[in-house]
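Okay, structure first, notes after.
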Amino acid sequence: MQVLLADEYGFCFGVERAVQMVEDALAEGGTVRTLGPLIHNSQEIGRLEAHGVATIDAPIEASADMTEVIRAHGVTPEVQRELEARAAKVVDATCPFVTKVQKLAERAAEQGRDVVVIGNPDHPEMIGVKGYAPHNAHVVRDAGEVAALPPLHAPLVVSQTTIKLSTFLEAAEAVRAKADAEPQIVNTICSATRDRQDAARALAGQVEAFYIIGGRHSSNSIKLLSVCQEQCAKSFLIETPQEINPADVAGVERVGVTAGASTPNWLIKEVVERLRAIGDMRQQAEPIAV
Ligand code: F3S
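Its first residue numbered 466, the sequence shown is counted upward by one per residue in my numbering.
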């Protein structure tokens with residue numbers, strides 16, 4: 466059985482960088498804590514916990530003997546200041562693509578302009594961005610919500626890094642109708658999610674079974690599953706190699722593998738090894754042709 470990996474899979478740049486920053490903080494010694502779970506993958510969180518990295522829920526829990534890590538979604542400047550006041554050291558692992566959105570929002574607000582951010586207002590990334598333009602930013606999900614906004618002054622339009630391009634473009638168009646001047650539209654969508662979906666789609670048509678490794682609550686992993694299911698009926702979302710049922714790949718010659726943006730490489734490797742082992746066992750069990 467051939468095990469084929471999609472061209473793009475697993476950790477995105479921002480998540481890989483955040484995990485590396487936690488590893489570096491651990492290597493320096495002392496107590497390391499993250500504000501909120503570092504990533505949406507319980508196996509990787511478990512691995513970090515085994516090295517002593519725990520999570521705090523609010524800056525008030527930080528103390529002078531701790532190194533605090535800000536996760537890739539980023540936080541408001543207020544939260545960052547509070548952490549800096551309480552913790553021994555703050556490691557800012559905000560993804561640079563998110564920092565770019567924060568800085569754009571901050572600058573436009575300083576110029577007295579409105580800022581329209583297309584995204585989910587409850588998502589931590591959006592809460593952080595809004596904190597950079599607290600009096601000027603409007604976080605809206607789509608064009609329909611833009612219609613409910615008051616008139617906008619010389620607006621900047623940016624997006625949550627993980628939304629769909631069509632949602633952003635439609636909403637940006639709706640902002641134009643509300644603005645007193647031509648809006649500044651900056652597409653700040655990160656390509657990592659789309660690249661993983663495109664690569665999975667390209668492979669799904671060439672295999673008879675597909676394993677997507679990722680958290681059951683990770684939205685980008687669930688989306689990868691539905692992309693694969695469009696072309697490969699035997700597509701499975703798994704969190705660990707133990708969830709692979711050999712019966713599901715009985716008779717399968719080519720199996721595809723991909724992983725969500727929060728799935729670590731060590732877990733992907735374990736899944737690939739188990740699939741190869743299942744294939745080898747099957748080969749040994751086959752009768753020798755005479
Ligand atoms: Fe950053 Fe994009 Fe990942 S914004 S955290 S590289 S999905």
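No residue lacks a Cβ here, since even glycine has one placed at the ideal position from N, Cα and C.
Note that the coordinates shown come from a computational prediction; the quantities given were computed from them, not determined experimentally.
Nearest-angstrom Cα separation, counted from residue j out to residue i
i	j	result
P589	H538	6 Å
E509	E493	20 Å
Q748	V720	15 Å
N710	A523	41 Å
N685	T658	7 Å
T532	R551	10 Å
R799	G609	Outside the displayed span of the chain (466 to 755) sits residue 799, for which this structure offers no information.
H505	E635	29 Å
S691	I677	10 Å
Q545	A527	11 Å
R606	E718	43 Å
W731	V672	23 Å
T484	M746	Checking the sequence, you will find Val at residue 484 rather than Thr. The alpha-carbon atoms of V484 and M746 are separated by roughly 35 Å.
P599	Q707	47 Å
Q625	K565	11 Å
P648	E575	16 Å
Supposed close pair residue i, residue j - CB separation, criterion 8 Å
i	j	result
V534	A558	6 Å
V623	V582	6 Å
C697	A715	About 16 Å; that fails the 8 Å criterion.
E704	R739	The Cβ separation is near 13 Å, so there is no contact.
I733	G475	6 Å
Same chain, Cβ closer than 6 Å to residue i, neighbours up to 5 away in sequence not counted
i	result
Y597	Q567, A570 and E571
C770	It is not possible to answer for residue 770, since the shown part of the chain is limited to 466 through 755.
Q694	S700
E473	D660, R661 and A664
G744	M466
A471	A664, A665, L668 and T723
D579	N601, L617, H618 and P620
A573	V580 and L621
I650	V622 and A637
V540	G593
G577	none
8 Å CB neighbourhood of residue i in its chain, flanking five on each side removed
i	result
D530	G495, T496 and A553
V737	V468, L470 and V722
H516	L491
V487	V497, T499, L503, L513, V518, V534, V556 and A558
K688	T658 and Q662
S782	The question about residue 782 has no answer, for the chain in this structure spans 466 to 755.
Nonlocal neighbours in the same chain, by C-beta distance under 7 Å from residue i, ignoring five residues either side
i	result
A646	A619
V604	V582, G584, P586, M591 and K595
L643	A small fix is needed here, since residue 643 is Lys in this sequence, not Leu. Answer for K643: V611, L614, P616 and L617, listed in chain order.
R741	V468
D713	A674, K699 and F701
P542	G596 and Y597
E547	P524
G670	Q696
A639	A608, V611 and A612
I521	R498, L500 and A527
Cβ of residue i within 8 Å of any chain B Cβ
i	result
T520	The chain inventory of the structure shown lacks chain B, comprising one protein chain alone.
query = Would the region 573-592 and the region 661-680 be scored as touching if the rule is three or more Cβ pairs under 8 Å?
reply = no
key: Cβ pair count under 8 Å reaching 3, the region 628-635 against the region 645-656   = yes
query = Residue ranges of each alpha helix (DSSP H) run of no fewer than 4 residues wholly in the region 577-647, ordered along the chain?
reply = 589-595, 608-612 and 630-643
ask   = Which whole runs of the alpha helix (DSSP H) in the region 650-705 are 4 residues long or more, in chain order?
value = 657-669 and 684-694
ask   = Are the region 467-481 and the region 727-744 touching, with three or more C-beta to C-beta distances below 8 Å?
value = yes
key: Ranges of the alpha helix (DSSP H) found wholly within the region 553-579, counting only runs of at least 4   = 561-575
ask   = Taking only runs of the alpha helix (DSSP H) that begin and end inside the region 494-532, which ones reach a length of at least 4 residues, in chain order?
value = 507-515
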